[in-house]
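The sequence shown: position 192 = 199 (the working numbering), numbered continuously. Please read the structure below before turning to the comments.
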Amino acid sequence: MWINRSKIKLSFNNHQIKKFSRQLILKDFGEEKQNLILKSHITFVGMGGINIPALLYLLAIGLNKLTIVDYDKVQLSNLNRQIIYSVKDVGKYKVRCVSNYLKKNYPDVNFLSLNKEINKNNCSKILKKTDVVIDGTDNWDSMLTINENCVKKNIPLLSASVLGYDGNLTLFKNNRKKHICLECIFPNPKKIELPRCETAGILGTTSGIIGTLAAVKAIEYLTNNKNSPKSTKMIFFNGKKIELKSIKINNNPKCRLIK
């Protein structure tokens, strides 16, 4: 669902002018785009190695309304990439740790924390009235459920994943006029056994790069960047070769989610 935020005018106080001064002076940014970010609502599904850096950068740039969703607890093995947590957080629920961080460091930010697993029964309600969803989960069933709900509600979806040294990211705009979604790429709805970082490993810095790119793509979309690509592209990052590539994704006319 697209919310027309551009009709709402916000005025900056002195604190905000100073805080955002370095981006306000950027060419093609300014107050109008800062307003769009301040009025946006992003839902982060999964508080792991991708969404933590995405969240931190989007908060720093001015995100003022968000929903965080996760049901997992912090493990010691998470700390090489999930940089908001520390050893003292091990064994605690991730959303509670992030909530405490937000209350301490961003007391004026409006947020909803949901300590639950997203599924077919609750997904529609969770994603209600959000401008962008960033999916950082590593569960195929959850990914399919999020994708289907975003398609039905025309909610832009940033789908991201990381394994080993490599990561990828795709922004599905879910435009009614041009259908391209996750199932266009993976048309077989049967459960896919995704490799797990417990067995394949994961480089923390690759998670950070993909999470940061997710923040960049979210900003690009929310501010209606005129230079953003018209086609849907999957971005690939190779952490061994330090290479960034992208490929165009085409519509699958047989996709079951086409309206």
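A virtual CB, placed ideally from N, CA and C, is assigned to each residue, including glycine.
| Item | Value |
| --- | --- |
| Quick one: is T213 buried, meaning 16 or more other Cβ sit within 10 Å of its Cβ, or exposed? | buried |
| What span of residues does the beta strand (DSSP E) with N71 cover, start to end? | Counting along the chain, N71 falls outside any beta strand (DSSP E), and DSSP gives it neither H nor E. |
| Which of the three DSSP states, helix, strand or coil, is assigned to I153? | helix |
| Can you list, in chain order, the residues of its chain whose CB lies under 6 Å from that of S13, leaving out five sequence neighbours each side? | Caution applies to S13, whose pLDDT of 48 falls short of 50 and renders its modelled position unreliable; the model cannot decide the point. |
| Taking 8 Å as the cut-off, does the region 69-78 touch the region 47-55 (at least 3 CB pairs, one atom from each stretch)? | yes |
| Within 10 Å of its beta-carbon, does S168 have 16 or more other beta-carbons around it, so buried, or fewer, so exposed? | buried |
| Figure out for me which residue from N154, L170, A67 has the closest Cα to the Cα of L246. | It is worth fixing the name first, because residue 246 is Gly in this sequence and not Leu. Selected option, being the one with the closest Cα: L170. |
| So what does DSSP say about D96, is it helix, strand or coil? | helix |
| Does DSSP put K110 in a helix, in a strand, or in coil? | helix |
| Less than 6 Å between C-beta atoms, sequence neighbours within five positions excluded: which residues of the same chain meet that for G56? | R88, Q89, S214 |
| For L43, does the count of other Cβ atoms within 10 angstroms reach 16, so buried, or fall short, so exposed? | buried |
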